[in-house]
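Input: a single structure, listed below in structure tokens.
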Amino acid sequence: MQADNYFTIGTSHLKDGSPCEDYSLAEELRPGLVLGVVSDGCSGANAYTDVGARALSFAFRKVVHDCRGLPDGWFDVAFTQRLSDQFRANSYTDAPNDQFATAVGFVATLDNAAVYVFGDGAYALRFADGRNRLVWFEWDNNAPYYLNYKLYPSLDEEFRASLNPVRPEPLLEAWTDFRVTGIADNPVEILAEGSRRLQFSAAEHGLVRVFRPQDDGIEALAVLTDGINRIGDISGPRAMAEFFAYKNFHGNFVKRRMLRALEQFAASGQRPQDDLAIASVWFGRKE
Amino acid sequence: MKLFNDQEMIQKNVGNFSFSGVRPEKLGATEYTIVNVITDKTGSVAQFAALLVEMKRTVVAACKKDPRAEFLMLRNVWFNTAVEEEHGFVELANIDPAQFQQPDCNGLTALYDATYASIASANEYAKTLRDNDFGVNAVTFIITDGDDNNSAHTVADIKAELARGVQQELLESSNVILIGINAQQYLKQLEAFKKDAGLTQFVDAGDATPQNLARIANFVSKSISSQSQALGTGGASQALTF
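Protein sequence lines, in the order shown, are assigned to chains F and D.
Letter 54 of the first sequence, counting from 1, is numbered 54 in the working numbering, and no numbers are missing.
Plus 1000 on top of the position in the second sequence (first one is 1) and you've got the working numbering.
Here it is in structure tokens:
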């Protein structure tokens, strides 16, 4: 089992000279247990959310390090409270707006894996039978419920007041199942698509999705920021198919794949407009 | 003499030559500059062979201090009538220069074969790395005191193989630097070889003195560093002054 991560600045930030507001981390906690996290600072906040994204990623890492138990017991309400506390402790700027950042993270062993989503972002699974699944989360008006709201009651009240009482399901969870065809003109075949809307109450303490990698035949799991859906004209599944095409699994295996995949996309003029971050774990195949 | 564990290495043939390199699944970085150091061990270098070994050790020691040391792989080869690999492409951190041995110096000078074999091995190993998502460029140093007198390959073969590596995008760039040591009577031929084969640079390092061999070591390690810094830019590093 190996974990690695990568992040890159998008063209919109490159052009206006602003920093990358995505960040990621991945590491082995102890033999057989890994963590990964990606974080996306809010561009529209006109603040130092690159700092907030890093603070949140390291808060996730610290809280996971301090936790005990298996992945499917990790991300309870108490975890979110500890994460909030650590996020507050990590923040070294004075402006609340600097901390507008989302987080998607995972903890995994070969037997159990859990994904935690606070805000928006995506996760993906690669199965040994050739299937892949990309799942992403979007909030209405592109206005996620940020963990930052839990640190500032007035901001939290403001957000809750903004929720549409007529439509009490402000969060969309969408997914695409696909497989790689190996055909240059049509590289992915869509097997199934779907979506559902989620109530605010389902997400206000973070969303959790659990898996059993060995039993479910999952070879790899990745978490990503929403930049996955903003790489030129390339669809999320098409991008994910390339990102999951690992050639090997030692050291910086995710960085190598991402660099090569983005280089190939760039050769056809397709570049990430938005910042992009990924953290991934390779489970391998059940023997 | 085998310096490294066979299980960690792949062995490949390029024409009549073979080379080895660390298996890509054992490598951890995102990109590598692969370095060939090809050194003459014909009879005429016997008097300063110890200095040549010291030069190779100094190159390794200097490169280990480079900020980009983790992105360097080095292969050491001796040549006379034949081309003999002392060790294959290995990450710099795993090389112990104290294990370098002084060779038996004899035989004829298969300079063109050694040059061809080193460029071809770099191309082939680069392809292996590229196929595994690594970024790659290369720099090859050929250190000799004489002109070719015993090769099957021609200058045209060398020129074609050198061009193939970049044209087929096996590697981002490939610098080949020919260094003459104690080669005063062959300067014209070596200069012509550099020009006709499309090599990057020819350096006349003068007589085989300890000072000049130290200068070679310094030049080689700086050239390696420069090529490593060029990796990812799309082009090769500029030739340094000896």
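Glycine is no exception: its CB is placed at the ideal position from the N, C-alpha and C atoms.
Since this is a predicted model, take the numbers as computed values, not measurements.
- With the rule of 3 Cβ pairs closer than 8 Å, the segment 247-256 of chain F does not count as touching the segment 148-163 of chain F.
- In the DSSP assignment, Val63/F falls within the alpha helix (DSSP H) that extends over Thr49 to Asp66.
- For Gly236/F, the uninterrupted alpha helix (DSSP H) run begins and ends at Gly236 to Phe243, by DSSP.
- Approximately 7 Å separates the beta-carbon atoms of Ala220/F and Val281/F; this is inside 8 Å, confirming the contact.
- DSSP places Tyr23/F inside the beta strand (DSSP E), whose first and last residues are Asp22 to Arg30.
- Assigned with DSSP and collapsed to three states, Met1009/D falls in strand.
- With respect to the C-alpha of Arg260/F, the residue from Arg1130/D, Thr1109/D, Phe1017/D and Ala1120/D having the closest C-alpha is Arg1130/D.
- Among the residues of the segment 256-267 of chain F, those with a Cβ less than 8 Å away from any Cβ of chain D are Arg256, Arg257, Leu259 and Arg260, in the order of the chain.
- In chain order, Gly1198 place their CB closer than 8 Å to the CB of Ala1163/D, counting only its own chain and leaving out the 5 sequence neighbours on each side.
- The residue among Ile1142/D, Ala1126/D and Thr1115/D with its C-alpha nearest the C-alpha of Phe1017/D is Thr1115/D.
- Within chain D, Leu1027, Gly1028 and Ala1029 have C-beta atoms less than 8 Å from the C-beta of Gly251/F, given in sequence order.
- Following the DSSP letters along the chain, one finds Thr1058/D in no beta strand (DSSP E) but inside the alpha helix (DSSP H) bounded by residues Ala1049 to Lys1064.
- Contact between Ile1119/D and Thr1144/D fails: their C-beta atoms lie close to 15 Å from each other, not under 8 Å.
- In chain order, Arg256 make up the part of chain F whose C-beta sits under 8 Å from the C-beta of Phe1134/D.
- With respect to chain D, the C-beta atom of Asn248/F has a partner C-beta closer than 9 Å.
- A distance below 9 Å separates the beta carbons of Ile1034/D and Ala1122/D.
- The residue among Thr93/F, Lys15/F and Leu276/F with its C-alpha nearest the C-alpha of Val223/F is Leu276/F.
- Unbroken beta strand (DSSP E) runs of no fewer than 3 residues, entirely contained in the segment 1160-1214 of chain D, are found at 1174-1180 and 1201-1204, following chain order.
- The C-beta of Pro1024/D comes closer than 9 Å to at least one C-beta of chain F.
- Within the segment 1131-1165 of chain D, contact with chain F at the beta-carbon level (separation under 9 Å) is assigned to Asp1131, Asn1132, Asp1133, Phe1134 and Gly1135.
- Ranking Arg82/F, Phe244/F, Ala174/F and Phe106/F by CA distance to the CA of Ser195/F puts Ala174/F first.
- By the criterion of a C-beta distance shorter than 8 Å, Ala241/F is surrounded in its chain by Asn132, Phe178, Val180, Pro187 and Val188, once the five residues flanking it on both sides are discounted.
- Under the three-state reduction of DSSP output, Asn1123/D falls in the helix class.
- In terms of Cβ geometry, Gln2/F and Phe243/F do not form a close pair [threshold 9 Å].
- Of the residues assessed, Gly206/F falls on the buried side of the cut-off, its CB having 16 or more other CB atoms within 10 angstroms.
- Of Ser1225/D, Leu1108/D and Leu1111/D, the smallest CA-CA separation from Tyr1032/D is found for Ser1225/D.
- Here Arg260/F carries a helix assignment [DSSP, helix/strand/coil].
- For the beta strand (DSSP E) assignment, the uninterrupted runs of no fewer than 3 residues enclosed by the segment 128-188 of chain F are, from N- to C-terminal side, 131-139 and 171-180.
- Burial check for Pro153/F: the Cβ neighbour count within 10 Å stays below 16, so the residue is exposed.
- Across the structure, Gly17/F and Asp226/F are spaced so that their CA atoms are roughly 21 Å apart.
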